[in-house]
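The structure appears right after this line, and notes come after that.
There are 2 protein chains.
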Amino acid sequence: MGTGVARADNGGTIGHSTDRGADSPRLDEGLRERSVATIYDVAREAGVSPATVSRVFNGGRVTAERAATVRAAAAVLGFAPNRVARSLRMQRASVIGLIIPDIGNPFFTALARGVEDAAQETNLSVVLCNTDEDVGKEQRYLEVAAAEQMAGVIVAAASRHRTDLSALVDRGTPVVAVDRRPRGASVDAVMMDNRHGGEEATEHLLARGYRRVACIAGPEGASTSDERLAGYRAVLRDHLGDTGQPIEPPPEYVVHGDFRVDGGRAAMERLLALPEPPDAVFVANNLMTVGALAALREAGHEPPGTGLLSFGDVPWPELVTPSLSSVQLPSYELGFAAAQLLQERIAGTAKPLQTVVLRTSLQVRESTSGPAANRGG
Amino acid sequence: MGTGVARADNGGTIGHSTDRGADSPRLDEGLRERSVATIYDVAREAGVSPATVSRVFNGGRVTAERAATVRAAAAVLGFAPNRVARSLRMQRASVIGLIIPDIGNPFFTALARGVEDAAQETNLSVVLCNTDEDVGKEQRYLEVAAAEQMAGVIVAAASRHRTDLSALVDRGTPVVAVDRRPRGASVDAVMMDNRHGGEEATEHLLARGYRRVACIAGPEGASTSDERLAGYRAVLRDHLGDTGQPIEPPPEYVVHGDFRVDGGRAAMERLLALPEPPDAVFVANNLMTVGALAALREAGHEPPGTGLLSFGDVPWPELVTPSLSSVQLPSYELGFAAAQLLQERIAGTAKPLQTVVLRTSLQVRESTSGPAANRGG
DNA sequence: CCGTCGTTTGAAATCGATTTCGCGTGACAT
DNA sequence: ATGTCACGCGAAATCGATTTCAAACGACGG
Chain X
1 MGTGVARADN GGTIGHSTDR GADSPRLDEG LRERSVATIY DVAREAGVSP
51 ATVSRVFNGG RVTAERAATV RAAAAVLGFA PNRVARSLRM QRASVIGLII
101 PDIGNPFFTA LARGVEDAAQ ETNLSVVLCN TDEDVGKEQR YLEVAAAEQM
151 AGVIVAAASR HRTDLSALVD RGTPVVAVDR RPRGASVDAV MMDNRHGGEE
201 ATEHLLARGY RRVACIAGPE GASTSDERLA GYRAVLRDHL GDTGQPIEPP
251 PEYVVHGDFR VDGGRAAMER LLALPEPPDA VFVANNLMTV GALAALREAG
301 HEPPGTGLLS FGDVPWPELV TPSLSSVQLP SYELGFAAAQ LLQERIAGTA
351 KPLQTVVLRT SLQVRESTSG PAANRGG
Chain D
1 MGTGVARADN GGTIGHSTDR GADSPRLDEG LRERSVATIY DVAREAGVSP
51 ATVSRVFNGG RVTAERAATV RAAAAVLGFA PNRVARSLRM QRASVIGLII
101 PDIGNPFFTA LARGVEDAAQ ETNLSVVLCN TDEDVGKEQR YLEVAAAEQM
151 AGVIVAAASR HRTDLSALVD RGTPVVAVDR RPRGASVDAV MMDNRHGGEE
201 ATEHLLARGY RRVACIAGPE GASTSDERLA GYRAVLRDHL GDTGQPIEPP
251 PEYVVHGDFR VDGGRAAMER LLALPEPPDA VFVANNLMTV GALAALREAG
301 HEPPGTGLLS FGDVPWPELV TPSLSSVQLP SYELGFAAAQ LLQERIAGTA
351 KPLQTVVLRT SLQVRESTSG PAANRGG
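Line by line, the protein sequences give chains X and D. For the first sequence, UniProt numbering begins at 1 and goes up steadily by one. For the second sequence, UniProt numbering begins at 1 and goes up steadily by one.
Here you go:
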């Protein structure tokens with residue numbers, strides 16, 4: 001450690017032997033540039049004070065001429081402001097956190113894209129944290145977000161009851177709940193109209209002529225699932241069957257799954273094993289639909305012989321034949337709206353807390369032609 | 001520092017009117033706890049110096065008794081160290097960045113899980129950045145990683161030629177390339193044996209009795225694709241057909257796609273339109289397989305009548321019937337290994353640069369029974 | 001009893017950017 | 001000509017944690 005390594009004590013420069021080629025910037029003794037230039041280096045190079053350099057990069061009032069000098073100096077040194085120092089001083093980082101429970105679910109990745117696109121407008125970077133529906137992991141990420149002084153956080157909570165946003169809310173960090181709102185948390189929220197979606201779905205199946213409509217719901221107690229289920233129940237209750245009597249589905253027609261593929265498969269198997277199996281099923285989320293579809297096929301039933309309507313498009317719908325109608329979720333839009341709302345808060349809006357609700361929409365695909373299509377066989 | 005609002009000027013506490021209920025912590029005048037406690041607050045509460053508090057939390061030498069006092073004080077105040085200040089002082093954050101080109105591709109999400117699991121061991125948090133294969137976006141994230149002083153970065157580069165890791169390498173930030181190695185970057189890498197995978201795939205198709213084996217490759221110039229293609233070509237060159245002559249596939253049997261669903265569909269359509277269409281296709285990535293499968297179905301060809309072998313499992317294989325054999329990729333393991341390697345570097349290993357290569361493995365699923373299954377028709 | 005050594009502790013410097021405060025300058029009105 | 005005002009700029013404080021340096025302290029051997 002002769003000439004090269006400054007500060008051999010702290011771990012600042014790791015013993016990372018990058019073999020810079022001959023074309024890398026020379027490290028002259030006289031004009032030795034540090035591995036990363038600071039605002040002080042730029043100030044010295046430009047012959048101004050650090051304060052002025054800061055102002056140049058933050059829209060402070062500086063004469064055009066001097067600003068040009070500073071920019072030139074910065075360019076020469078390859079200066080980029082140290083975001084950590086900046087965050088410390090500002091008490092706020094220029095990063096927003098997005099915490100989602102399942103990075104493998106296209107619903108959340110689409111949502112993430114919406115967040116990213118909206119965030120781009122304010123130069124905020126998005127960092128994504130995947131909790132795997134694990135409340136412990138989620139809690140750690142929430143604490144990291146607080147300790148990193150993130151400018152704001154968008155969270156699709158792993159649990160309605162056990163997710164604890166207080167670390168952030170106490171700091172005054174803006175938080176927007178998306179898709180799921182943790183109970184009792186006083187934060188903005190962007191949700192979708194789950195009940196309406198459940199109604200749409202069930203109505204569609206009835207309109208197509210199915211009569212024994214079952215539902216594979218999510219975990220009991222999950223608000224999103226409960227609302228979808230409520231929509232399903234409401235429609236069936238109001239619907240008069242061919243006899244003019246309300247259709248009252250037997251209680252076995254409602255089966256709870258875990259929002260995952262295997263749960264959907266198991267649920268469908270249970271439905272198929274009933275003495276009088278349903279002729280159509282409303283599945284309360286996309287992944288369970290994958291499982292349900294697999295179970296149906298194994299049993300030799302294919303849509304549309306048995307109707308299947310998914311809340312949320314099946315991942316890679318290209319893979320599914322015949323293509324299924326589904327309740328389209330505004331996943332991208334949820335993310336976009338959440339990020340916009342968050343940025344309003346970050347900018348300092350004092351509006352009262354908001355809850356934005358976006359509508360689902362039914363996407364009908366031709367091949368869902370109703371039970372008749374298979375009745376001959 | 002008066003009694004009331006200190007620093008009303010800076011934007012530290014945003015005007016965020018969370019309506020705390022009556023059960024929120026009271027803000028007494030005497031025992032007024034700031035929205036977030038610092039090391040100084042803890043020090044005062046415990047009657048020690050800030051240095052001691054720091055030592056307690058970082059394994060410094062402190063008498064057990066005093067340490068207990070400090071911990072108690074910290075607990076009372078709900079103290080959590082400010083990671084930004086810590087990062088500034090340490091010149092390194094306790095966060096590693098993971099930069100991937102397509103968050104919607106299960107290959108990368110599995111990889112991300114591997115990274116997360118490995119990182120858990122050292123208490124490093126993982127932040128995930130999605131570049132959407134956009135070199136500009138990627139560049140911004142790389143700069144953010146440098147400016148945020150992330151402890152290290154794992155990157156699956158969007159482009160082999162245009163991805164520029166110098167911002168990080170110059171700082172001395174450890175970088176590990178995964179899946180794709182940017183040209184000329186002197187960094188560690190964790191790759192998979194693409195060529196071997198291509199060979200395995202092609203051999204399998206030949207062994208199953210297919211004779212006109214085509215290949216849907218990735219973008220020309222992408223090293224991963226080129227290697228897979230090379231494996232395909234090598235096997236065909238060495239293979240002696242029924243006549244004892246080498247099988248030389250016509251040049252039209254190699255079609256380039258863009259690694260996305262639609263590219264796979266288009267490529268397959270082109271193959272099917274040939275005067276003598278192939279009887280089997282090796283598809284160089286999972287998403288293109290989705291498109292290829294869709295095109296096959298539309299044309300009325302289903303595997304195994306036309307053989308289809310994917311490099312990398314199709315997303316949600318449950319959806320695909322009959323299930324396809326495929327080249328299994330060590331996606332999780334790639335991420336895990338990359339994170340381990342990165343952590344070694346962060347810890348300061350001076351080993352020369354490494355490239356770890358993981359093998360693919362062929363997963364044979366029974367239903368890929370060869371062309372015979374369909375020959376009668 | 002005193003010098004030496006090792007341990008524990010606190011004061012203060014430090015990381016790099018932002019921002020307040022006050023000074024100097026020039027324009028303008030009186 | 002002088003007071004007023006706005007503006008540009010630099011010095012210095014600040015954000016919160018880590019770490020060095022030296023002081024204080026206790027134990028122990030001579």
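Ideal Cβ placement from N, Cα and C applies to all residues, glycine included.
Could you give the first and the last residue of the continuous beta strand (DSSP E) run that contains residue i?
i        : result
X/Asn355 : The sequence as given places Thr at residue 355 of chain X; Asn does not occur at that position. Per DSSP, X/Thr355 belongs to the beta strand (DSSP E) from 355-358.
X/Val281 : 280-283
X/Val53  : X/Val53 -> not in any beta strand (DSSP E); alpha helix (DSSP H) instead, spanning 50-57.
Please report whether the beta-carbon of residue i lies at a distance below 7 Å from any beta-carbon of chain X.
i                      : result
D/Gly30                : Confidence at D/Gly30 is low in this model, with a pLDDT of 34, below 50, so its placement is unreliable and no value can be given for it.
D/Arg171               : yes
D/Arg228               : no
D/Arg297               : yes
D/Val83                : In the sequence on display, residue 83 of chain D carries Arg and not Val. Closer than 7 Å to some Cβ of chain X, the Cβ of D/Arg83 qualifies, so yes.
D/Leu319               : yes
D/Thr109               : yes
residue 392 of chain D : The requested residue 392 of chain D does not occur in the structure, where chain D is confined to residues 1 to 377.
D/Ala118               : no
D/Arg26                : Confidence in D/Arg26 is poor, its pLDDT being 33 and thus under 50, which makes the residue's placement unreliable; the coordinate value appears in the next sentence. Output row for D/Arg26: interface = no.
D/Ser125               : yes
D/Gln149               : yes
Is residue j closer than 7 Å to residue i when the C-beta atoms are compared?
i        : j        : result
X/Ala37  : X/Leu98  : no
X/Ser87  : D/Val84  : yes
D/Val319 : D/His204 : It is Leu, not Val, that sits at residue 319 of chain D in the sequence shown. It is not a contact, given that the beta carbons lie outside the stated cut-off.
D/Ala73  : D/Glu116 : no
X/Val42  : X/Thr52  : no
D/Gly307 : D/Gly264 : no
D/Ala158 : D/Thr131 : yes
X/Arg365 : X/Ser323 : yes
X/Ala201 : X/Val314 : no
D/Tyr253 : D/Gly198 : no
X/Ala299 : X/Leu271 : no
X/Asn285 : X/Phe259 : yes
X/Arg228 : X/Asp279 : no
X/Gly312 : X/Phe107 : yes
Span of the alpha helix (DSSP H) holding residue i?
i        : result
D/Ile39  : 39-46
X/Asn194 : 194-207
D/Leu272 : 261-272
X/Leu309 : That residue, X/Leu309, is in no alpha helix (DSSP H); its beta strand (DSSP E) goes 307-311.
X/Leu329 : Element bounds for X/Leu329: n/a, residue is neither H nor E.
Around the C-beta of residue i, are 16 or more other C-beta atoms found within 10 angstroms, so that it is buried, or is it exposed?
i        : result
D/Thr224 : buried
D/Thr360 : buried
D/Gly104 : buried
D/Asn194 : buried
X/Val357 : exposed
D/Gly152 : buried
X/Tyr40  : exposed
D/Tyr141 : buried
D/Gln245 : exposed
X/Asn58  : exposed
Tell me, please, whether the CB atom of residue i is closer than 7 Å to any CB atom in chain D?
i                      : result
residue 414 of chain X : The requested residue 414 of chain X is not part of the displayed model; chain X covers only 1 to 377.
X/Val36                : yes
X/Ala201               : no
X/Gln328               : no
X/Val281               : no
X/Val115               : no
X/Glu344               : no
X/Asp23                : Reliability fails at X/Asp23, whose pLDDT of 31 lies under 50, so the model's placement of it is uncertain and no value is given.
X/His139               : Looking at the sequence shown, residue 139 of chain X is not His but Gln. By this cut-off, X/Gln139 is not an interface position.
Mind checking whether the beta-carbon of residue i lies closer than 6 Å to any heavy atom of the ligand FMN?
i        : result
X/Tyr253 : Because no ligand of any kind appears in the structure shown, any question about the ligand FMN cannot be addressed here.
If we require 4 or more residues per run, which alpha helix (DSSP H) segments fall completely within the segment 218-243 of chain X? 223-238
Which parts of the segment 107-165 of chain D are runs of the alpha helix (DSSP H), unbroken and 4 residues or longer, counting only runs that do not cross its ends? 135-147
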